[in-house]
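Number of protein chains: 2
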Amino acid sequence: MGTTTAERPSGFDAFSALCPSRRLLDTIGDKWVSLAIVAIGLRGPLRYSELASQIEGVSQKMLTQSLRRMERDGLLARTVTPSVPMRTDYELTPLGQTLLPVIGHLKAWAEEHMPEVDAARTAYDSRV
Amino acid sequence: MGTTTAERPSGFDAFSALCPSRRLLDTIGDKWVSLAIVAIGLRGPLRYSELASQIEGVSQKMLTQSLRRMERDGLLARTVTPSVPMRTDYELTPLGQTLLPVIGHLKAWAEEHMPEVDAARTAYDSRV
DNA sequence: CGGGATCCCCCGCGATACTG
DNA sequence: CAGTATCGCGGGGGATCCCG
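First to last, the protein sequences are chains A and B.
Under the numbering used here, think of the first position of the first sequence as 1, with each following residue one higher.
Under the numbering used here, think of the first position of the second sequence as 129, with each following residue one higher.
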């Protein structure tokens, strides 16, 4: 409020400590959330176990927790098929789909610029 | 390596647990890193104190830590002017500038879609 | 298969104090 | 002004067990 940021037509500003958009920014920037969005977005609806194997190294707890939060935030839809054994599918909602390209670029940036970042680190570490 | 992800010309894949790009993804998705990138990118070179006031609620420790990591990763350049009192300016490197639009969209998405997310949360919480 | 519930440990992070 | 160093705790997150 006090500090004038450029324009923010939405009325939300992540620079503000108490603005809810800051929390949201933190959520969508999360590692597991990002990978889940991209995985589901690229591969269509995915089952829980497919997500777990796709996102290597994610613990059961973190995966479930992330999926729940994303469902609550309206980013993805959960469909349970009560067969035996049961089956659960996750897919992006229209809202989640608008986030896909954004996060897709983030992940792509990390993969594309890894060599440059590595070089920068080596240079930085060799100094002093 | 085992699981085939689409294509990855770079050879890096954040879905892989040990791939360094996963750590990088985690870094650039960080709240403080994101806000710092956007702040510097939008306002030109900024001094330490300007960043601190711009990014409300960030602690000295986290701000310094984030800036150091970003400098090491080649995302921003640090210029120290040894006057009295001293002065330090941070600006984006060319590499950091390529990241700016990506993170800018992330922050913008959070601010623009906050109402929809809020509505989704209310709907979710009212069920059960 | 797709989770929920618990335990527990580690360290991220804030608060505080000091320095060039 | 722009940091560094240290302490202390809260909770994020892994491991484990169990259930529908």
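Cβ coordinates follow ideal geometry from the N, Cα and C atoms, glycine included.
Three-state secondary structure (DSSP) of residue i
i	result
ALA205(B)	strand
ALA120(A)	helix
THR27(A)	helix
LEU146(B)	coil
LEU234(B)	helix
THR131(B)	The pLDDT assigned to THR131(B) is 44, lower than 50, so where the model puts this residue is not dependable; a value taken from the coordinates is nonetheless given after this. Residue state, collapsed to three classes: coil.
GLU111(A)	helix
VAL38(A)	helix
VAL161(B)	helix
GLY224(B)	helix
GLY172(B)	coil
PRO229(B)	helix
GLY11(A)	coil
Beta-carbon separation (whole angstroms), residue i vs residue j, contact threshold 8 Å
i	j	result
LEU25(A)	HIS241(B)	The pair is not a contact, with the Cβ atoms about 11 Å apart (cut-off 8 Å).
SER138(B)	GLU56(A)	About 17 Å; that fails the 8 Å criterion.
LEU106(A)	VAL230(B)	6 Å
LYS159(B)	GLY29(A)	6 Å
GLY74(A)	ALA248(B)	3 Å
ARG68(A)	THR27(A)	Going by Cβ atoms, the distance from ARG68(A) to THR27(A) rounds to 12 Å, so no, they are not a contact pair.
Contacts of residue i in chain A (Cβ-Cβ under 9 Å)
i	result
ASP158(B)	ASP26 and GLY29
Residue range of the unbroken beta strand (DSSP E) whose run includes residue i
i	result
ARG215(B)	215–220
Partner residues on chain B for residue i, Cβ-Cβ distance less than 7 Å
i	result
GLU56(A)	PHE143, SER144 and ALA145
VAL102(A)	HIS233, LEU234 and TRP237
SER34(A)	LEU153 and GLY157
Partner residues on chain A for residue i, Cβ-Cβ distance less than 7 Å
i	result
LYS235(B)	ALA14 and LEU25
LEU191(B)	None at all; the shortest Cβ gap to chain A is about 13 Å.
LEU227(B)	TRP109
Contact under 7 Å by Cβ, residue i with residue j
i	j	result
GLY104(A)	VAL33(A)	no
GLU111(A)	SER149(B)	yes
ARG72(A)	TYR252(B)	yes
THR93(A)	ALA77(A)	yes
ALA180(B)	LEU191(B)	yes
Beta-carbon neighbours of residue i, restricted to chain A and to distances below 8 Å
i	result
PRO148(B)	MET114 and ASP118
LEU223(B)	HIS113, GLU116, VAL117 and ALA120
Residue range of the unbroken alpha helix (DSSP H) whose run includes residue i
i	result
ARG255(B)	Where ARG255(B) is concerned, there is no enclosing alpha helix (DSSP H), given that its DSSP letter is neither H nor E.
GLU50(A)	48–54
SER66(A)	60–72
Proximal chain B residues relative to residue i, where beta-carbon distance stays under 8 Å
i	result
GLY74(A)	GLU244, VAL245, ALA247, ALA248, ARG249, ALA251 and TYR252
Per-residue contacts from residue i into chain B (C-beta, under 9 Å)
i	result
SER10(A)	ALA236, GLU239, GLU240, HIS241, MET242 and PRO243
LEU51(A)	Those do not exist, as LEU51(A) stays about 11 Å from chain B at its closest Cβ, beyond 9 Å.
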